[in-house]
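A.B. asks:
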Amino acid sequence: DAGITQSPRYKITETGRQVTLMCHQTWSHSYMFWYRQDLGHGLRLIYYSAAADITDKGEVSDGYVVSRSKTENFPLTLESATRSQTSVYFCASSATSGRAKSGELFFGEGSRLTVL
Amino acid sequence: AQTVTQSQPEMSVQEAETVTLSCTYDTSENNYYLFWYKQPPSRQMILVIRQEAYKQQNATENRFSVNFQKAAKSFSLKISDSQLGDTAMYFCAFMKHGGNNDMRFGAGTRLTVKP
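Protein chains in written order, with my numbering: chain E, 99 to 214; chain R, 9 to 123.
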């Protein structure tokens, strides 16, 4: 049971470069999310997706782009990275029904991104 | 918009003792879920306990229990018989029922269990 995996786990890039963080889940969960974690802010929602080809902005979406062509994948792209995007990024998924407890999010292990 | 406040950035407790982490939230919703997640140094987010707002009974999971006060919008976590492995960041989170399953998190409380 692979669950939810993120790659890369660590990434260093330079200002202005494009970066893509990958997220893959094996549960066929409908919902997927991207959060960023910063000291003093907890986790803040960047984007979420209710199903394939359905995405919507969260509270800190500026500078980020997502896509979801397949249910199991939800990549996050920083089109032109800035230093303020240095953070730890978490992907999560959630099922709306079935055996999974309603409302629970399952998280990946996080991707630490440093923008120089 | 919902907000979640954790007023204790850091706490410490002696091994085997009891500690309570505070959380308050603001919402106009009547049906929702509340959660406590644990994040150890490994960075993995682990669900500790979950409470449905329509249930008056406080949730418990082994050594972890909550004190849910809906009118006061308070949701504290009590850890009994603290263990060294409980050392972690603890996040309180809110999710609206029937929404898009997105969670709102507090800023976190760093708990250190001392031997």
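Quick reminder that beta carbons are idealized off the backbone N, C-alpha and C, glycines included.
Please read these numbers as outputs of a predicted model, since none were measured by experiment.
With the cut-off set at 7 Å, would you say arginine 142 of chain E and valine 158 of chain E are in Cβ contact?
C.D. replies: The answer is yes: Cβ separation under 7 Å.
A.B. asks: In whole angstroms, what is the alpha-carbon distance linking tryptophan 44 of chain R and threonine 117 of chain R?
C.D. replies: Straight-line Cα distance between these residues: approximately 11 Å.
A.B. asks: Count the CB pairs spanning the segment 104-119 of chain E and the segment 142-156 of chain E that are closer than 8 Å, and state whether there are at least three.
C.D. replies: Short answer: they don't touch.
A.B. asks: If you reduce the DSSP assignment to three classes, tell me which class serine 192 of chain E lands in.
C.D. replies: DSSP places serine 192 of chain E in strand when its eight states are reduced to three.
A.B. asks: Taking methionine 130 of chain E and serine 105 of chain E to be in contact with their CB atoms under 8 Å, please state how far apart those CB atoms are, rounded to whole angstroms.
C.D. replies: Methionine 130 of chain E to serine 105 of chain E, Cβ: 15 Å. No contact.
A.B. asks: Using the three-state DSSP reduction, which class does leucine 92 of chain R fall into: helix, strand or coil?
C.D. replies: In this structure, leucine 92 of chain R counts as helix in the three-state DSSP scheme.
A.B. asks: Taking buried to mean at least 16 other C-beta atoms within 10 Å of its own C-beta, is isoleucine 144 of chain E buried or exposed?
C.D. replies: The residue in question, isoleucine 144 of chain E, is buried, as its Cβ has 16 or more Cβ neighbours within 10 Å.
A.B. asks: If tyrosine 187 of chain E and leucine 211 of chain E are in contact, beta carbons under 8 Å, what's the gap, nearest whole angstrom?
C.D. replies: Indeed, because the Cβ distance is near 6 Å, the residues count as touching under 8 Å.
A.B. asks: Using CA atoms only, rank isn't needed, just tell me which of R:Gln91, R:His105, R:Gln14 is closest to serine 30 of chain R.
C.D. replies: That would be R:Gln14, whose Cα lies nearest to the Cα of serine 30 of chain R.
A.B. asks: Have a look at arginine 51 of chain R and alanine 96 of chain R and give me their C-alpha separation to the nearest angstrom.
C.D. replies: Arginine 51 of chain R and alanine 96 of chain R: Cα-Cα distance of roughly 9 Å.
A.B. asks: Give the range of the beta strand (DSSP E) segment to which glycine 140 of chain E is assigned.
C.D. replies: Counting along the chain, the beta strand (DSSP E) containing glycine 140 of chain E begins and ends at 140-149.
A.B. asks: Assuming arginine 58 of chain R is part of the beta strand (DSSP E), what are its boundary residues?
C.D. replies: Residues 54-60.
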